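Q:
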Amino acid sequence: PSGGGPAVPHPRWVRVNTLKASVDDVVRELEGHLRSKLGQTDRGGGDTGGAGKGSKGKGEPAGLVRRDPLVPELLAAPPGADLHDHPLVTRGSVLLQSKASCLPAAALAPRPGWTVVDCCAAPGNKTTHLAAIMGNQGRIIAYDKDPKRLARLKANAALTGASCISARQADFLSIDPTAPEFAQVRGVLLDPSCSGSGTTFTRMDHLLPSHRQIQQPRPTLHTAQAAAAADSAPGAATAAAGSGSNPKPGSKSKRKGGDATAGSASDSQHTTGGAAAAAAAAAAAASSLVPELDPEEAGRVASLARFQSAALAHALRFPALECLVYSTCSVHVQENELVVAGALEAAEAAGMELADPFPSWHRRGLPLFPGAEKLVRTDAYQDGTDGFFVAVFQRRAPQQQQQQ
Ligand code: SAM
Numbered sequence: 082p083s084g085g086g087p088a089v090p091h092p093r094w095v096r097v098n099t100l101k102a103s104v105d106d107v108v109r110e111l112e113g114h115l116r117s118k119l120g121q122t123d124r125g126g127g128d129t130g131g132a133g134k135g136s137k138g139k140g141e142p143a144g145l146v147r148r149d150p151l152v153p154e155l156l157a158a159p160p161g162a163d164l165h166d167h168p169l170v171t172r173g174s175v176l177l178q179s180k181a182s183c184l185p186a187a188a189l190a191p192r193p194g195w196t197v198v199d200c201c202a203a204p205g206n207k208t209t210h211l212a213a214i215m216g217n218q219g220r221i222i223a224y225d226k227d228p229k230r231l232a233r234l235k236a237n238a239a240l241t242g243a244s245c246i247s248a249r250q251a252d253f254l255s256i257d258p259t260a261p262e263f264a265q266v267r268g269v270l271l272d273p274s275c276s277g278s279g280t281t282f283t284r285m286d287h288l289l290p291s292h293r294q295i296q297q298p299r300p301t302l303h304t305a306q307a308a309a310a311a312d313s314a315p316g317a318a319t320a321a322a323g324s325g326s327n328p329k330p331g332s333k334s335k336r337k338g339g340d341a342t343a344g345s346a347s348d349s350q351h352t353t354g355g356a357a358a359a360a361a362a363a364a365a366a367a368s369s370l371v372p373e374l375d376p377e378e379a380g381r382v383a384s385l386a387r388f389q390s391a392a393l394a395h396a397l398r399f400p401a402l403e404c405l406v407y408s409t410c411s412v413h414v415q416e417n418e419l420v421v422a423g424a425l426e427a428a429e430a431a432g433m434e435l436a437d438p439f440p441s442w443h444r445r446g447l448p449l450f451p452g453a454e455k456l457v458r459t460d461a462y463q464d465g466t467d468g469f470f471v472a473v474f475q476r477r478a479p480q481q482q483q484q485q
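Take the sequence shown: its position 324, counted from the start at 1, is 405 in our numbering, and no numbers get skipped.
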């Protein structure tokens with residue numbers, strides 16, 4: 082990548098498929114395998130290759146395989162460990178799935194027996210993760226519009242033994258969430274097509290100033306600011322799509338002044354409530370915080386953001402929804418915070434609110450609206466995994482609903 086490698090190396094992430102293997106057994110088997118590659122005995126010690134601190138007792142060598150603190154079935158092996166031919170992988174007992182990619186299913190945490198919809202599912206890394214978390218009990222309806230990618234999802238479901246997945250080729254926007262067959266849908270995962278900008282390092286260093294802002298005490302916009310922004314740009318949460326983000330190396334960072342012209346996805350969402358004010362304020366704040374993309378990239382990101390916003394609004398329509406996770410492997414605010422800001426009003430109307438997943442995780446959403454600190458980001462440069470974004474909506478407690 083043109084931006085250079087990450088400051089923190091990425092471990093070889095390994096998700097244990099708990100439908101086929103236990104985490105303890107996989108740790109043991111991988112430790113043995115990696116040590117034999119290094120020419121070490123089981124208790125031989127030596128350099129861990131940077132994968133992590135020992136998980137063993139006093140006086141024992143540091144482990145090569147570290148358990149992830151956020152996702153219990155996720156392991157970190159040393160960076161560059163070549164496992165793609167290992168029998169654990171070829172038999173579907175583990176998946177070489179990055180930490181970032183494991184966060185959405187872990188955040189949704191569907192219970193065994195739930196009915197879940199995965200809206201944009203192929204090739205099924207997160208679908209098979211959901212199936213494992215559910216212990217294969219219940220039903221996952223997995224949509225993808227691309228037949229070749231759906232075939233890969235079916236193959237992955239078969240390999241991993243995730244028989245609770247039923248794969249359907251369809252445009253998610255064409256299904257009717259209020260149809261009787263979806264009456265019991267409690268969990269929804271929406272991981273739509275995105276720019277993929279989090280999977281390269283090319284532009285990350287230009288985003289770092291934004292990330293430093295995130296790491297400061299979590300600020301939110303003052304209500305008066307939100308109201309003022311709403312007056313000047315009503316309902317314009319995704320209107321900044323295409324107007325902001327990081328510049329190419331050496332380019333000047335132009336800034337726009339909160340115009341509301343770019344995002345047609347928000348055109349049907351002009352609203353007057355508190356959520357609308359917050360969304361408008363987010364758009365205005367983004368345009369003053371985030372520098373401009375080049376025109377070609379801006380157009381692509383704006384188009385993706387329109388689809389993402391439409392898909393999120395659609396996904397919020399399942400009547401029995403308890404938890405919805407929205408995720409992207411993008412670093413662009415237009416595909417992330419602004420899509421969420423634009424959905425806050427619809428979420429509120431559906432009785433949903435932002436949840437606060439992974440509270441111990443340090444990197445949160447850009448502080449563009451009250452509640453953005455509940456959003457989760459990962460940084461490819463600093464966090465040992467791809468750049469990623471996760472938002473979780475959960476049903477409001479009944480008491481809160483009555484007070485509305
Ligand atoms: N969640 C997947 C995983 O973890 O393996 C990755 C999903 S990928 C980011 C986005 C997927 O959305 C693509 O496979 C694409 O074909 C699908 N997609 C895009 N637009 C869609 C639509 N309107 N309806 C259904 N699927 C769609």
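The beta-carbon is built from N, C-alpha and C at its ideal position, and this holds for glycine as well.
A quick note: this is a predicted structure, and the numbers were derived from the prediction, not measured.
Tell me the rounded alpha-carbon separation between D105 and T259.
A: Their backbone Cα atoms lie some 42 Å apart in a straight line.
Q: Between D227 and the rest of its own chain, which residues show a CB-CB distance below 7 Å, the 5 nearest in sequence each way excluded?
A: Cβ neighbours of D227 beyond the five flanking positions: A203.
Q: Closest by CA to T241, which one among G219, K207, P153, A366?
A: Measuring from the Cα of T241, the nearest candidate turns out to be K207.
Q: Hey, would you say the C-beta of P273 is under 7 Å away from at least one heavy atom of the ligand SAM?
A: Yes, the beta carbon of P273 sits closer than 7 Å to at least one heavy atom of the ligand SAM.
Q: Rounded to the nearest angstrom, what separates A404 and G113 at their Cα positions?
A: Sequence check: residue 404 is Cys here, not Ala. Approximately 39 Å, taken between the alpha carbons.
Q: Give me, in chain order, the residues of the same chain whose beta-carbon lies closer than 6 Å to that of D437; leave out the 5 immediate sequence neighbours on both sides.
A: Correct list, in chain order: K455.
Q: What do you reckon, is the C-beta of R249 under 7 Å from a heavy atom of the ligand SAM?
A: Checking every heavy atom of the ligand SAM against the Cβ of R249, none is found closer than 7 Å.
Q: Check this for me: beta carbons of L397 and M433, under 8 Å apart or not?
A: Yes, the Cβ-Cβ distance between L397 and M433 is below 8 Å.
Q: For V421 and P150, I'd like the C-alpha separation in whole angstroms.
A: Each residue's alpha carbon lies about 26 Å from the other.
Q: May I ask you to verify whether the segment 411–418 touches the segment 158–178, counting CB pairs closer than 8 Å and requiring at least 3?
A: The segment 411–418, when compared against the segment 158–178, does not touch it at the 8 Å Cβ threshold.
Q: Taking 8 Å as the threshold (C-beta atoms), are P193 and M215 in contact?
A: Contact: yes.
Q: Measuring only the C-alpha atoms, how far is A248 from E154?
A: Distance between the alpha carbons of A248 and E154 is about 24 Å.
Q: Rank T466, A356, A472 by C-alpha distance to the C-alpha of D272 and give the top, closest one.
A: For the residues T466, A356, A472, the minimum Cα distance to D272 belongs to A472.
Q: Judging by CA-CA distance, which residue of G219, C183, A212, A187 is the nearest neighbour of T196?
A: Of the listed residues, the one whose Cα sits closest to T196 is G219.
Q: Within the chosen definition, does the segment 462–477 reach the segment 372–382 through at least 3 CB pairs nearer than 8 Å?
A: As far as the Cβ criterion goes, the segment 462–477 does not touch the segment 372–382, which means the pair count is below three.
Q: Quick check on D225: does DSSP put it in helix, strand or coil?
A: D225 falls in the strand class under three-state DSSP.
Q: Using 10 angstroms around the beta-carbon of S408, count the other beta-carbons present and answer buried if the total reaches 16, otherwise exposed.
A: Buried: at least 16 other Cβ atoms inside 10 Å.
Q: Is it true that the CB of Y224 sits closer than 8 Å to the CB of F263?
A: No, the pair does not count as a contact, with Cβ atoms beyond the cut-off.
Q: Apply the 10 Å Cβ neighbour rule to A401 and answer buried if 16 or more other Cβ atoms are within range, or exposed otherwise.
A: The residue is exposed, with fewer than 16 neighbouring Cβ atoms inside 10 Å.
Q: Hey, out of F450, R444, A386, whose CA is closest to L435's CA?
A: If we check each option's Cα against that of L435, F450 comes out closest.
Q: Counting C-beta neighbours from all protein chains within 10 Å, is the total for A377 16 or more, i.e. buried, or is it exposed?
A: Looking at the sequence shown, residue 377 is not Ala but Glu. The residue in question, E377, is exposed, as its Cβ has fewer than 16 Cβ neighbours within 10 Å.
Q: Buried or exposed: A318, going by 16 or more other Cβ atoms within 10 Å of its Cβ?
A: Reliability fails at A318, whose pLDDT of 39 lies under 50, so the model's placement of it is uncertain and the value that follows must be treated cautiously. With 16 or more Cβ atoms within 10 Å of its Cβ, A318 is classed as buried.
Q: Identify the residues that DSSP records as bridge partners of E434: which are they?
A: In DSSP, E434 forms a bridge with Q475.
Q: On a Cα-Cα basis, can you pick out the residue from S174, A430, A453, H210 that is closest to R476?
A: Ranking the options by Cα distance to R476, first place goes to A430.
Q: How should T171 be labelled, buried or exposed, when 16 other C-beta atoms within 10 angstroms of its C-beta is the threshold for buried?
A: Per the 10 Å Cβ criterion, exposed.
Q: Less than 7 Å separating the Cβ of Y407 from some heavy atom of the ligand SAM?
A: Every heavy atom of the ligand SAM is 7 Å or more from the Cβ of Y407, so no.
Q: DSSP on D467, reduced to helix/strand/coil?
A: Correct three-state label for D467: coil.
Q: Reducing DSSP to helix, strand and coil, say where R381 ends up.
A: R381: helix per DSSP, three-state reduction.
Q: Keeping to the same chain, check which residues put their C-beta closer than 6 Å to that of K235; ignore five residues upstream and five downstream.
A: If we look at K235 and ignore the five residues flanking it on each side, its Cβ neighbours are A248.
Q: Is the CB-CB distance between L169 and E110 below 8 Å?
A: Yes; because the gap between Cβ atoms is below 8 Å, this pair is in contact.
Q: Under 7 Å: does the beta carbon of N417 sit that close to some heavy atom of the ligand SAM?
A: Every heavy atom of the ligand SAM is 7 Å or more from the Cβ of N417, so no.
Q: To the nearest angstrom, how far is the alpha carbon of D257 from that of S244?
A: Looking at the two C-alpha atoms, the distance is approximately 24 Å.
Q: Pick helix, strand or coil for I256, following the three-state DSSP scheme.
A: The answer is coil: DSSP assigns I256 none of H, G, I, E or B.
Q: Is it true that the CB of S179 sits closer than 8 Å to the CB of T466?
A: Against a cut-off of 8 Å, the Cβ pair of S179 and T466 comes out as a contact.
Q: When you compare only the Cα positions, how much space is there between A427 and V198?
A: About 19 Å.
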